[in-house]
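Everything on this sheet refers to the single structure shown next.
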């Protein structure tokens, strides 16, 4: 794992209070070409409630059959369906394509949405298999609200978090306009997986393909970072949307799993009080932990110092901010602006929502001109401009709100 620490401002003025941004960038290792891929243990949990009837359910069944075809004989798969009841269609077992695809073909629509029951049954199946050298993941797909079983968002998110700590991740796929996007992204974030949005039936095959592509390239699991400030220095906040836990001496951030070559970035803000000694100063220790899987399972822990140079006010005033950190901070502030614009639109203040998105797209386009990620930044600006066209009475609806929610989430998770 390659680990880089950067401060937005490497030179700070002596005897002056500062709020400083720091960025941690983790790059997962590539996998040897001759290495057998990590075996998978997956629980596919499918909503078959009445609202999934017709083209939705048929598309999902085709995607499930596609997934079966991609798996190897050493992989394991369980298939669970839920409406107001939960059915274990295929118990966790090594892949048998014919039997499994026949079971998928027999799935039909039913009643209400016991989301928690379906997810819990998927988790229960994966708990039956050993974690040694395997990637275990629940893939939950739904188009509705959790209205049976456990329905409390905090309780479900807590369950996903504890399950991830035990080595079982959760990926969620929200389908259409009627599901609870906050619940599904919260569960995926806490579960160390990915929160996907399938706006139309055409999106589902792409999502299944991308999720599978990531799983077979798994390079590190349970990636976490602890930030331990030195002396009077304090962590103000983490700007990304990763789950974090306050510790007696700092904060721990859970980044989930990392795929081969994947770059994970997050930014945090420190409050630095007046410091009186010129020269290098340690602001914090950063502890990175992760597990690698493959022929053997290995735990890794690496500690790095986060250093700054204290200089005169005149010298600090001439220092140039780090462009990578500045760009990442701007992207994260754009994500926050997108969330705020959605809230304003939901409240009916469309003029303010459009103005906020206009300012955000202008900022992203200006940054794109000098960025290595210029094409991506321009694409994100284009997406937000398209979203802004829907910010009007009678036009902004649940689907547009979900677009805004997931676009903000992608920026906060570096998935864009």
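Residue numbers (our numbering): 1029 to 1444. Heads up, the beta-carbon is just placed ideally off N, CA and C, and yes, glycines get one too. Bear in mind that the values here come from a model prediction, so they are computed numbers and not experimental data.
query: Where residue 1051 sits in the DSSP three-state scheme; result: strand
query: Host beta strand (DSSP E) of residue 1300 (start-end); result: 1291-1300
query: 9 Å Cβ cutoff met for residue 1224 and residue 1188; result: no
query: Assigned secondary structure, residue 1413 (DSSP; H/G/I helix, E/B strand, else coil); result: helix
query: Identity of the residue in 1180, 1201, 1242 nearest residue 1229 by Cα; result: 1201
query: Residues sharing a beta bridge with residue 1196, DSSP; result: 1164
query: Cutoff 8 Å; reference residue 1329; Cβ partners in own chain excluding five residues on either side; result: 1315, 1316, 1317
query: Nearest-angstrom Cα separation, counted from residue 1387 out to residue 1150; result: 44 Å
query: Whole-angstrom distance between residue 1130 and residue 1119, CA atom to CA atom; result: 14 Å
query: Inside the region 1181-1236 only - alpha helix (DSSP H) runs reaching at least 4 residues; result: 1181-1193, 1209-1218
query: Residue 1317, enclosing beta strand (DSSP E) - first and last residue; result: 1307-1320
query: Stretch-stretch touch, CB-based, cutoff 8 Å, three pairs: the region 1284-1304 with the region 1207-1221; result: yes
query: Element boundaries [alpha helix (DSSP H), containing residue 1352]; result: 1351-1374
query: Element boundaries [beta strand (DSSP E), containing residue 1246]; result: 1246-1257
query: Sequence-distant residues of the same chain with beta carbon closer than 6 Å to residue 1102, five excluded per side; result: 1067
query: Residue 1284: first and last residue of the uninterrupted beta strand (DSSP E) it sits in; result: 1278-1287
query: Continuous alpha helix (DSSP H) assignments of at least 4 residues falling wholly in the region 1061-1123; result: 1083-1098
query: Closer than 8 Å: residue 1081 CB and nearest the ligand GTP heavy atom; result: Within the structure as shown, the ligand GTP is missing, as the structure has no ligands at all.
query: Run of the beta strand (DSSP E) containing residue 1041, from where it starts to where it stops; result: 1039-1041
query: Pick from 1434, 1266, 1440 that is closest to residue 1211, judged by C-alpha positions; result: 1434
query: Exposed unless 16 or more other CB atoms sit within 10 angstroms - verdict on residue 1409; result: buried
query: Sequence-distant residues of the same chain with beta carbon closer than 8 Å to residue 1307, five excluded per side; result: 1337, 1338
query: Whole-Å CB distance - residue 1320 paired with residue 1248, under 8 Å assumed; result: 6 Å
query: Cβ-based burial, residue 1162 [other Cβ within 10 Å; buried from 16]; result: buried
query: Buried or exposed (CB count within 10 angstroms, at least 16 for buried), residue 1043; result: exposed
query: Proximity winner among 1262, 1245, 1083, relative to residue 1275 (alpha-carbon distances); result: 1262
query: CB of residue 1110 within 9 Å of CB of residue 1076, strictly; result: yes
query: Cβ-based neighbour list, residue 1419, same chain, cut-off 6 Å, excluding 5 preceding and 5 following; result: 1373, 1378, 1381, 1382
query: In DSSP terms, what residue 1330 is bridged to; result: 1316
query: Cα-Cα separation between residue 1134 and residue 1140, rounded to whole angstroms; result: 19 Å
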